[in-house]
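**Q** Supplied in structure tokens, the structure appears directly below.
Right, dumping it as structure tokens:
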């Protein structure tokens with residue numbers, strides 16, 4: 001086992017579950033492409049959360065059973081979905097009126113980098129031969145009331161994604177409220193990153209080792225003491 | 001008979017018929033409140049013209065028979081109308097996107113005054129105790145491809161409505177293309193008002209007498225000679 | 001479970017307070033939420049700013065709200081219409097302020113308010129007194145003026161059907177300002193003729209998705225404003 | 001009689017010439033007017049500016065238009081997607097220009113183009129490199145950037161049903177950019193699966209009123225882009 005790689009920590013489903021638990025009953029939520037898509041499956045059954053996809057549907061349901069895919073019923077990741085009772089279709093200008101106009105409660109996005117000021121970089125490495133592709137991310141971070149990030153704590157090679165400053169081109173400045181990683185749940189406080197919870201078996205020191213900026217301790221007292 | 005009042009000339013239906021004849025087959029047309037509403041009934045049967053009302057309907061049909069009025073199916077003048085096969089309803093922002101975006105071919109409006117530069121005044125006398133009410137007129141003149149006016153040539157007391165300069169507050173500057181009055185059909189040429197046709201029995205001199213600006217003669221040669 | 005239904009018009013408007021900005025749907029009587037407006041009259045809130053295309057007629061609906069001096073300011077395009085006497089009286093005696101806005105600019109400002117667009121340029125009203133004092137700018141050789149978004153604390157709207165999510169359909173030209181006003185208010189309150197089960201409304205035909213609606217009130221048999229005016233009814 | 005039906009895709013695109021700006025609907029394959037795009041490939045017009053959310057996939061549809069170098073410039077939000085290799089190749093070798101626009105700004109710029117709004121302010125992209133060189137202005141304490149309308153000579157759109165007036169309905173999320181693109185082009189060309197008689201479409205549920213549409217082509221059995229890509233088909 002490679003000593004220079006970060007611990008495994010939570011699974012992607014664990015991360016999605018933690019994010020889902022923080023979404024209030026009755027919320028309108030947009031899920032980004034990738035790990036964020038897992039959140040829908042983890043909403044507690046006692047709550048009703050309505051999912052929006054920017055390509056023109058609110059009331060997104062689970063994926064259809066195999067063989068029942070409709071190429072004209074897809075989500076922003078271009079994967080087949082279903083529409084729940086109470087759903088509505090609309091065109092792109094109306095869809096982004098919802099987003100930009102502040103009507104959505106939560107946007108769950110993936111990230112390449114997050115800075116301690118809440119800056120988000122999730123669309124381009126800025127490398128000269130990269131094909132830049134932004135999609136709706138800049139609109140989501142500019143318009144949705146609460147923006148949270150669901151991402152591995154580091155890159156595959158162990159580079160931290162939580163940094164003092166993003167080195168990749170930004171998606172938005174000071175927009176991220178909370179980050180759910182495989183190692184920790186991290187809040188963006190006025191003083192920077194603050195750990196709200198750690199994956200089982202991990203110490204704050206261990207998580208700090210894989211974090212590219214100071215990480216304060218915002219865990220409840222009893223959890224801290226029990227460490 | 002009062003010598004100081006202008007001749008009667010064309011009837012309102014005559015005026016509406018003249019305006020209707022100039023509307024090309026397949027046009028999309030908005031009719032203002034008042035005399036312009038008469039135009040719909042005079043479209044030649046060989047042509048199909050689609051009428052728009054800014055309160056959210058395209059494909060406006062004739063008034064319903066008595067007893068079949070629907071208070072939720074009205075035109076901009078708040079009179080009951082019908083919807084023809086092929087009609088569509090939409091909200092106010094979409095309706096004015098049609099208007100402002102240049103999608104309508106013809107706007108037929110009433111007027112208080114028209115200047116020889118094509119300025120239109122049709123919403124306020126500017127008197128201190130007048131209740132100003134503008135409606136959609138300023139949007140129509142700013143957005144519709146061709147704006148024509150249907151109005152009596154003078155006020156009831158004989159004051160000319162076609163003037164060198166409007167004295168009432170403007171609806172728009174340089175917007176009117178053609179004016180259909182009870183005395184004449186008048187085009188707005190680069191040199192000002194030009195008569196295209198006169199009501200039966202009237203001479204150009206007579207019409208000029210009731211016009212508050214120079215009126216040139218743009219009638220076809222054979223009509224002029226036959227005068 | 002999401003359920004935006006509220007048991008009465010009174011309950012729906014119970015937190016509209018003095019000084020609130022309230023959008024009220026309707027073009028004339030078509031789409032005017034008469035029962036919600038009357039509940040607001042009963043509620044007694046003062047110093048209101050009302051955004052609505054007209055100013056009501058007779059002594060019911062919006063006119064009944066204006067009559068007792070509850071409205072400090074009207075933002076509208078057409079405050080003068082048949083049987084409209086309440087607003088003109090107050091306006092002439094200086095007891096109500098008026099911001100007159102061309103109808104298309106009014107609609108676009110409301111739409112902008114709901115869409116997170118703080119300001120936009122429009123050719124409407126250029127060269128008129130309604131452009132006086134406004135910033136102007138030439139695009140593509142043509143003058144335009146800068147107009148700002150309008151938002152409100154509340155919107156009172158009448159639609160035709162709703163479900164518990166607040167999805168709405170409208171009836172014919174009663175749609176008018178309803179859909180855009182629902183998007184531009186912090187709290188949009190809608191009265192509807194009938195309530196559907198979720199899924200009964202065709203998702204392709206929903207005009208206002210429920211995300212834009214906060215409260216729904218079932219008013220099965222709304223009164224017809226023109227009839228009340230004809231009968232000389234005054235509210236309350 | 002108004003009848004906007006045209007007998008074939010080829011006839012519908014016959015006047016799209018070199019240098020034209022063309023909007024192409026669709027979000028991925030959903031709503032992409034494959035048959036119209038292929039007719040445009042056949043037509044041979046060069047130096048096109050294409051406005052479309054994506055850049056196509058495989059060697060069919062939009063990718064088949066880009067591959068032979070017909071497109072001088074793409075205005076889009078997401079030129080990189082699964083099976084998208086044609087655009088990246090040309091872009092890396094400097095043979096195609098790219099104007100990258102956030103998706104919501106792209107939609108709003110198109111909507112503005114259709115609505116006669118030359119420019120508007122938006123908070124999207126503030127503080128990012130996509131705001132570089134753009135005018136900015138503070139409204140209500142928050143920075144916004146000025147964005148300009150986009151218009152096109154032609155729009156190619158896929159809808160579900162049409163009547164001879166050009167009234168349209170769409171299918172599910174294939175609606176996406178179609179309705180706004182129809183409003184923003186001088187000539188909007190729409191392929192549909194079926195044609196209705198006037199009045200068969202519910203006037204309450206028409207999504208694009210015919211006034212925004214100039215030509216309608218009946219393509220009863222459109223090909224499915226993802227299937228062609230899977231099968232390795234290259235057009236022509």
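Chains as they are written, first to last, in my numbering: chain E, 1 to 227; chain R, 1 to 227; chain G, 1 to 236; chain B, 1 to 236. No residue lacks a Cβ here, since even glycine has one placed at the ideal position from N, Cα and C.
I'd like to confirm the pairing. Which residues does DSSP put opposite residue 136(G) in its beta bridges?
**A** Note: residue 136(G) sits in a beta bridge opposite 145(G).
**Q** Applying a beta-carbon distance threshold of less than 7 angstroms, which residues of chain G neighbour residue 204(B)?
**A** The contacting residues are 169, 205.
**Q** Can you give the Cα-Cα distance for residue 143(E) and residue 176(E), rounded to whole angstroms?
**A** Residue 143(E) and residue 176(E): Cα-Cα distance of roughly 12 angstroms.
**Q** Cα-Cα, which of 26(B), 39(B), 123(B), 36(B) is closest to residue 55(B)?
**A** Checking every option, the nearest Cα to that of residue 55(B) belongs to 26(B).
**Q** Are the C-beta of residue 165(G) and some C-beta of chain E separated by less than 9 angstroms?
**A** Cβ-Cβ to chain E under 9 angstroms: yes for residue 165(G).
**Q** Rounded to a whole number of angstroms, what is the C-alpha to C-alpha distance between residue 1(E) and residue 158(E)?
**A** Because the pLDDT at residue 1(E) is just 40, under 50, the model does not fix this residue reliably, and the value given afterwards should be weighed accordingly. Cα-Cα distance, rounded: 14 angstroms.
**Q** Under 7 angstroms between beta-carbons, which chain G residues line up against residue 103(E)? List them in chain order, please.
**A** Neighbours of residue 103(E) on chain G, chain order: 211, 212.
**Q** In chain R, which residues lie with their C-beta within 7 angstroms of the C-beta of residue 183(B)?
**A** Those within 7 angstroms of residue 183(B) in chain R are 97, 101.
**Q** For residue 122(B) and chain G, any beta-carbon pair shorter than 9 angstroms?
**A** Answer yes: the Cβ-Cβ gap between residue 122(B) and chain G drops below 9 angstroms somewhere.
**Q** Do you know how far the Cα of residue 164(G) is from the Cα of residue 209(G)?
**A** Spanning the two alpha carbons is a distance of roughly 11 angstroms.
**Q** According to DSSP, is residue 225(R) helix, strand or coil?
**A** Of the three classes helix, strand and coil, the one that applies to residue 225(R) here is helix, per DSSP.
**Q** With a cut-off of 8 angstroms, do at least 3 Cβ pairs link the region 205–225 of chain R to the region 147–156 of chain G?
**A** These segments do not touch.
**Q** Taking just the CA atoms, how far does residue 17(G) sit from residue 248(G)?
**A** No statement about residue 248(G) is possible, as the shown extent of chain G runs from 1 to 236 and does not include it.
**Q** Consider the Cβ of residue 152(G): report whether some Cβ of chain E lies at a distance smaller than 9 angstroms.
**A** Output row for residue 152(G): interface = no.
**Q** Only counting runs of 3 or more residues, tell me where the beta strand (DSSP E) segments fall wholly within the region 44–79 of chain R, in order along the chain.
**A** Listed in chain order, the complete beta strand (DSSP E) runs (minimum 3 residues) inside the region 44–79 of chain R are 50–53, 57–61.
**Q** Let me check understanding here. Comparing Cα to Cα, which of 186(B), 14(B), 58(B) lies closest to residue 236(B)?
**A** Of 186(B), 14(B), 58(B), the residue nearest in Cα terms is 58(B).
**Q** Measuring CB to CB, does residue 148(R) end up less than 9 angstroms from residue 107(R)?
**A** Yes, Cβ-Cβ distance for residue 148(R) and residue 107(R) is below 9 angstroms.
**Q** Who are the near neighbours of residue 174(R) in its chain, counting only those whose CB is closer than 7 angstroms to its CB and skipping five residues on each side?
**A** Correct list, in chain order: 117, 118, 119.
**Q** In the DSSP assignment, the alpha helix (DSSP H) including residue 113(G) goes from what residue to what residue?
**A** 103–115 is the extent of the alpha helix (DSSP H) around residue 113(G).
**Q** Does the Cβ-Cβ distance between residue 109(R) and residue 162(R) come in under 9 angstroms?
**A** Taking 9 angstroms as the Cβ cut-off, residue 109(R) and residue 162(R) do not qualify as a contacting pair.
**Q** Can you find at least 3 beta carbon pairs, one from the region 80–89 of chain G and one from the region 58–68 of chain G, that sit closer than 8 angstroms?
**A** Short answer: they touch.
**Q** How would you label residue 102(G), buried or exposed, when you count the other beta carbons within 10 angstroms and need 16 or more for buried?
**A** By the 10 Å Cβ count, residue 102(G) comes out buried.
**Q** Kindly list the residues whose CB is nearer than 6 angstroms to the CB of residue 176(G), restricted to its own chain and excluding five residues on each side of it in sequence; keep chain order.
**A** These residues qualify, in order along the chain: 27, 31.
**Q** Between the region 111–131 of chain G and the region 121–135 of chain B, do at least 3 Cβ pairs fall closer than 8 angstroms?
**A** Contact between the region 111–131 of chain G and the region 121–135 of chain B is present, because at least three Cβ pairs lie under 8 angstroms.
**Q** Counting pairs of Cβ atoms below 8 angstroms between the region 16–34 of chain E and the region 47–60 of chain E, do you hit three or more?
**A** Short answer: they touch.
**Q** Looking at the unbroken alpha helix (DSSP H) that takes in residue 192(R), where does it start and where does it end?
**A** From DSSP, residue 192(R) is part of no alpha helix (DSSP H) but of the beta strand (DSSP E) over 192–198.
**Q** What in chain R is Cβ-close to residue 83(G), meaning under 7 angstroms?
**A** Residues of chain R passing the Cβ test: none, with the nearest at roughly 11 angstroms.
**Q** Do residue 62(G) and residue 19(G) count as a contact pair if the criterion is CB distance below 9 angstroms?
**A** Their beta carbons are not under 9 angstroms apart, which means residue 19(G) does not touch residue 62(G) by this criterion.
**Q** Quick check on DSSP: helix, strand or coil for residue 1(E)?
**A** For residue 1(E), the pLDDT reaches just 40, beneath the cut-off of 50, and the residue's location in the model is therefore unreliable, leaving the point undetermined.
**Q** How would you call residue 105(E), buried or exposed, if buried means at least 16 neighbouring beta carbons within 10 angstroms?
**A** With 16 or more Cβ atoms within 10 Å of its Cβ, residue 105(E) is classed as buried.
**Q** What residues in its chain sit with their C-beta under 6 angstroms from that of residue 123(R), if we drop five residues either side in the sequence?
**A** For residue 123(R), where only same-chain residues beyond five positions count, the Cβ hits under 6 angstroms are 134, 137, 171.
**Q** On a Cα-Cα basis, can you pick out the residue from 191(G), 219(G), 15(G) that is closest to residue 44(G)?
**A** Among 191(G), 219(G), 15(G), the Cα nearest to that of residue 44(G) is on 15(G).
**Q** Residues in its own chain within less than 6 angstroms of residue 196(G) by CB, not counting five upstream and five downstream?
**A** Same-chain partners within the cutoff: 161, 163.
**Q** Secondary structure at residue 107(E), three-state DSSP: helix, strand or coil?
**A** Correct three-state label for residue 107(E): strand.
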